[in-house]
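Chemist: Residues in the sequence shown are numbered from 1 upward in steps of one, following UniProt numbering. Yeah, the Cβ is synthetic: ideal placement off N, Cα and C, and Gly gets one too. Dropping the structure in here first, questions after.
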Amino acid sequence: MAEREPLTGSTGSVQYGGTERPRVRTTSSRRVLNRMTTQEIRVKIRKMADLVSSEELGDRDFTDLSLYEKKSLLINRELDQMGMGRYQWCVFTLCGLGYFLDLGWAQAFGLVGGAIQQELGVPDSQIGALSTAFNFGLCIGAFGWGLLVDIVGRRWCFNFTCLFSTVFGLCFALPSNYALTCLLACLIGLGVGGNIPVDATITLEFLPTKNRYLLAALSTFQPIGTVAVSLLAFALIPKYSCDTSLKSCNISEAPCCSRSNNMGWRYTIMILGVFTLLIFFCRFAVFKFRESPKYLLSKGHDAHALDVLHSISIFNKNEKPPTLTIQDLRTLDYAEERRLRGLPPAQYGPANEPAASANEDNLVKKVTIGGFQKTFGHLQGLFKQRIYVWLFVSLAIAYMALFWSFALAGYFLPLILKAKGIDADGSVEDTYRSYIWIYTPGVTATLVAAWITGFSKFGRRWIMVISSALMGASLALYQLVDSRSANIGFNAMEYWFQSLYAALLYAYTPEAFPATFRGSTSGMLSTLGRIASIIAPIVGGSVYHGSDSPGVLWLAAGGAWLSTLAIAFLPHNVNRKTNA
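What follows is the structure, encoded as structure tokens:
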């Protein structure tokens, strides 16, 4: 999937609605600027400012914005003019499938663990290593891909996260060695861990403003992935698994549980691996993904960003091409250049230009926010303003507390249920059927989150506060469970509030930070959450006492309530400041 070169200085044309339009040009823009007076420059900038809606500016003036913010808002305006076209729907769907894989693979490892343990003869004390390996991969993946998406670009990360999951997912069912199985689980997690920070960042940067509620709708693919994998396991694992009374052939003589009569978990993983391969094929070969204009602006590639806008417009079959030109962006560069030099108002002409064009180009790059710096230079922006530090710390607490809470729930609720003897008479089929009943309602929670984001008069922040608080209450009330139906009911209730809260939180996070370090902060927050999910079961084990384990439930509920407090103390109106 070769990236088409930016149309800088080209002389060809492109088609819009059957009419030829000129391509993006840059070679003549500086000569035009050289003939413009300062007053003409100011008038041109004011006309551009009038194109930006007051809702996006908030209480700020266009002239108060940074150079990057001005350009980014003009890009937003072009995307708003295009509307929700074919390109945007393709991006939304393919990124949604990334969310599908995120919880799909996590659910798969939870469902196949028992069959793997039985076949390979893994001691109870070691079976947790499979989950730990996967979660460790998720941590590294979230952190690594989150940084890379701001360094090498959105396009490569969009494809390679899925490639990692595909390659190692298809290999996972091959070995009959537990250590190698854990290693492959870690490598799968390395790819899957980047899905949420990368896909959320990409989706946000291509959506028109009025359709940003779809960012919350992305999370709908997560419970769908969970239910789909549960259905797959329900169809295959009970039918193609060893009798539960058999021990592993590694530790027992025949009759025993061998690879040949325990293929159900392998079939489940192989089908999920093939589906991951199909998603990668659609991303890499079927759909021609173009680099994000916001990322290109942050790296100083203005002409390439405009070229992407024209390509999207052609793909969408818009009748009218984008109206933003390279001359408009160069005008903003010149105005910023003169401001930084401290030059008095004067005519832009040869007398005021740098002596050499090379110096001129270097100066423009210096004033372009996010131009090429050292590899991690983009992270400086996170610490330059107090509001971003406050925001990051609050969200870090919220993420860690949320992941802590549902990790404890996912690990210990089944153990508590089993210790109470509630599922003693249940079959394997009953277990998988319960998963389907628990997770299916979660689909409606994410749709409610999308509605709240786009159409509700209630603020998202307070809905997150309420949903996380109710998630904690559901966990605390789990102490009352005394039957299989009660277990399904309380689990479904907890998962519904968890899904609502997570969908809103995942949508809020990329919107809260500017594109220059949006992916990196999303990745770091996801990493912190993953670390908490690894530590939580270890801490929970110290207060777990079988059927009488209120300490574990209070730890889980307390995590949800701590997340509630963190969200309640988020800074106000941050999205108006960071809508670039």
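1. Taking isoleucine 188 as the reference, which of Ala179, Thr201 and Gly169 has the closest Cα?
2. Out of curiosity, what's the CA-to-CA distance linking serine 456 and isoleucine 463?
3. Go to proline 175, then tell me how far its alpha helix (DSSP H) extends in each direction, as first and last residue.
4. Rounded to a whole number of angstroms, what is the C-alpha to C-alpha distance between lysine 384 and tryptophan 390?
5. In whole angstroms, give me the CA-to-CA distance for serine 219 and alanine 515.
6. Secondary structure at serine 248, three-state DSSP: helix, strand or coil?
7. By how many angstroms is the C-alpha of aspartate 199 removed from the C-alpha of threonine 509?
8. Exposed or buried, threonine 203, counting other C-beta atoms within 10 Å across all chains shown (16 or more means buried)?
9. With DSSP as the reference, identify every bridge partner of cysteine 257, one or two as the case may be.
10. Beta carbon of valine 43, beta carbon of leucine 73: below 8 Å?
11. Where do the N-terminal and C-terminal ends of the alpha helix (DSSP H) with cysteine 139 fall, by residue?
12. Do aspartate 328 and proline 208 have their beta-carbon atoms positioned less than 8 Å apart in this structure?
13. Does DSSP put phenylalanine 569 in a helix, in a strand, or in coil?
14. Going by Cα to Cα distance, which pick from Tyr495, Ala556, Phe458 and Ile438 is closest to serine 230?
15. Taking the straight line between their C-alpha atoms, what separation do you get for threonine 453 and serine 499?
16. Taking the straight line between their C-alpha atoms, what separation do you get for valine 443 and alanine 449?
17. DSSP three-state call for isoleucine 237: helix, strand or coil?
18. Anyone know if the C-beta pair for leucine 215 and tyrosine 178 falls short of 8 Å?
19. Confirm, please, whether the CB-CB distance from leucine 190 to methionine 400 is below 8 Å.
20. Residues in the same chain with beta-carbon distance under 7 Å from leucine 57, minus the five sequence neighbours each way, listed in chain order, please.
21. Are there 16 or more other CB atoms within 10 angstroms of the CB of phenylalanine 172, so buried, or fewer, so exposed?
22. In whole angstroms, give me the CA-to-CA distance for arginine 339 and lysine 70.
23. Here's the rule: buried if 16 or more other CB atoms are within 10 angstroms of the residue's CB, otherwise exposed. What is glycine 110?
24. For the pair the region 129-145 and the region 245-260, tell me if three or more CB-CB distances fall below 8 Å.
25. Determine, using beta carbons only, whether arginine 484 and isoleucine 567 come nearer to each other than 8 Å.
26. How is phenylalanine 458 classed by DSSP in three states: helix, strand or coil?
27. So, using beta-carbon positions, are alanine 476 and alanine 557 closer together than 8 Å?
28. Restricting to runs no shorter than 3 residues, where is the beta strand (DSSP E) found entirely within the region 280-339?
29. So, for methionine 524: in the same chain, excluding its five sequence neighbours on each side, which residues have a beta-carbon less than 7 Å away from its beta-carbon?
30. Please return the same chain residues whose Cβ sits closer than 7 Å to the Cβ of alanine 115, not counting the five positions on each side in sequence.
31. Since I believe arginine 283 is in contact with phenylalanine 289 (beta carbons under 8 Å), could you give me their beta-carbon distance rounded to a whole number of angstroms?
32. In angstroms, rounded to a whole number, what distance separates the CA positions of threonine 521 and isoleucine 271?
33. Short of 8 Å in beta carbon distance, which residues of its chain neighbour isoleucine 45, apart from the five on each side in sequence? Order them along the chain.
34. Would arginine 77 and tyrosine 295 qualify as a contact pair, given that the criterion is a beta-carbon distance under 8 Å?
35. Is asparagine 487 helix, strand or coil when you go by DSSP?
Modeler: Quick answer:
1. Here residue 188 corresponds to residue number 188 of the sequence shown, with the count starting at 1. Nearest C-alpha to isoleucine 188: Gly169.
2. Taking the first residue of the sequence shown as position 1, residue 456 is located at position 456. Taking the first residue of the sequence shown as position 1, residue 463 is located at position 463. Their Cα atoms are separated by approximately 10 Å.
3. Numbered from its first residue, the sequence shown carries residue 175 at position 175. Element bounds for proline 175: n/a, residue is neither H nor E.
4. Indexing the sequence shown from 1 puts residue 384 at position 384. Indexing the sequence shown from 1 puts residue 390 at position 390. Their backbone Cα atoms lie some 11 Å apart in a straight line.
5. Within the sequence shown, the letter at position 219 stands for residue 219. Within the sequence shown, the letter at position 515 stands for residue 515. In a straight line, the C-alpha of serine 219 is about 21 Å away from that of alanine 515.
6. Here residue 248 refers to the residue found at position 248 of the sequence shown. Reduced to three states, the DSSP call for serine 248 is strand.
7. Within the sequence shown, numbered from 1, the residue matching residue 509 stands at position 509. Within the sequence shown, numbered from 1, the residue matching residue 199 stands at position 199. Looking at the two C-alpha atoms, the distance is approximately 12 Å.
8. In the sequence shown, residue 203 corresponds to position 203, counting from 1. Its Cβ being crowded by 16 or more others within 10 Å, threonine 203 is buried.
9. By 1-based counting over the sequence shown, the position of residue 257 is 257. DSSP lists Ser248 as partners of cysteine 257.
10. Along the sequence shown, read from residue 1 onward, the residue named residue 43 stands at position 43. Along the sequence shown, read from residue 1 onward, the residue named residue 73 stands at position 73. Not in contact: valine 43 and leucine 73 (Cβ atoms no closer than 8 Å).
11. Counted from its first residue, the sequence shown places residue 139 at position 139. Its alpha helix (DSSP H) spans residues 128-151.
12. Counting from 1 along the sequence shown, the entry for residue 208 is found at position 208. Counting from 1 along the sequence shown, the entry for residue 328 is found at position 328. Cβ distance not < 8 Å, so proline 208 and aspartate 328 don't count as in contact.
13. Counted from its first residue, the sequence shown places residue 569 at position 569. DSSP places phenylalanine 569 in coil when its eight states are reduced to three.
14. Within the sequence shown, the letter at position 230 stands for residue 230. Here the closest residue by C-alpha is Ile438.
15. Translated into the one-based positions of the sequence shown, residue 453 becomes position 453. Translated into the one-based positions of the sequence shown, residue 499 becomes position 499. For threonine 453 and serine 499, the distance between alpha carbons rounds to 14 Å.
16. Taking the sequence shown and counting its residues from 1, one reaches residue 443 at position 443. Taking the sequence shown and counting its residues from 1, one reaches residue 449 at position 449. So the two alpha carbons sit approximately 10 Å from each other.
17. Translated into positions along the sequence shown, residue 237 becomes position 237. If DSSP states are grouped into helix, strand and coil, isoleucine 237 belongs with coil.
18. Taking the first residue of the sequence shown as 1, we reach residue 215 at position 215. Taking the first residue of the sequence shown as 1, we reach residue 178 at position 178. The answer is no: Cβ separation not under 8 Å.
19. Working through the sequence shown from its first residue, we reach residue 400 at position 400. Working through the sequence shown from its first residue, we reach residue 190 at position 190. Taking 8 Å as the Cβ cut-off, methionine 400 and leucine 190 do not qualify as a contacting pair.
20. As a first step, residue 57 is located in the sequence shown; it is residue number 57 there, counting from the start. None.
21. One-based indexing of the sequence shown puts residue 172 at position 172. Phenylalanine 172 comes out buried.
22. In the sequence shown, counting from the first residue as 1, residue 339 sits at position 339. In the sequence shown, counting from the first residue as 1, residue 70 sits at position 70. Rounded to whole angstroms, arginine 339 to lysine 70 spans 15 Å at the Cα level.
23. By one-based count along the sequence shown, residue 110 stands at place 110. By the 10 Å Cβ count, glycine 110 comes out buried.
24. no
25. Against the sequence shown, residue 484 aligns to sequence position 484. Against the sequence shown, residue 567 aligns to sequence position 567. No, Cβ-Cβ distance for arginine 484 and isoleucine 567 is not below 8 Å.
26. For this step, residue 458 is matched to residue 458 along the sequence shown. Reduced to three states, the DSSP call for phenylalanine 458 is coil.
27. Indexing the sequence shown from 1 puts residue 476 at position 476. Indexing the sequence shown from 1 puts residue 557 at position 557. A contact, by the Cβ cut-off of 8 Å.
28. none
29. By 1-based counting over the sequence shown, the position of residue 524 is 524. So the list reads Phe143 and Gly146, once near-sequence residues are dropped.
30. For the purposes of this step, residue 115 is taken as residue 115 along the sequence shown, with counting starting at 1. Hits under 7 Å: Ile237, Ser241, Asn262, Gly264 and Trp265.
31. As a first step, residue 289 is located in the sequence shown; it is residue number 289 there, counting from the start. As a first step, residue 283 is located in the sequence shown; it is residue number 283 there, counting from the start. Yes, phenylalanine 289 and arginine 283 are in contact; Cβ-Cβ is about 7 Å, under 8 Å.
32. Reading the sequence shown from its first residue, position 521 is the one you call residue 521. Reading the sequence shown from its first residue, position 271 is the one you call residue 271. When rounded, the distance between both Cα atoms is 33 Å.
33. Position 45 of the sequence shown, counted from the start, is the residue given in the question as residue 45. Excluding residues within five positions, the ones whose Cβ falls inside 8 Å are Phe62, Thr63, Thr331, Leu332 and Ala335.
34. Looking up residue 77 in the sequence shown gives position 77. Looking up residue 295 in the sequence shown gives position 295. Their beta carbons are not under 8 Å apart, which means arginine 77 does not touch tyrosine 295 by this criterion.
35. Taking the first residue of the sequence shown as 1, we reach residue 487 at position 487. Here asparagine 487 sits in helix by DSSP.
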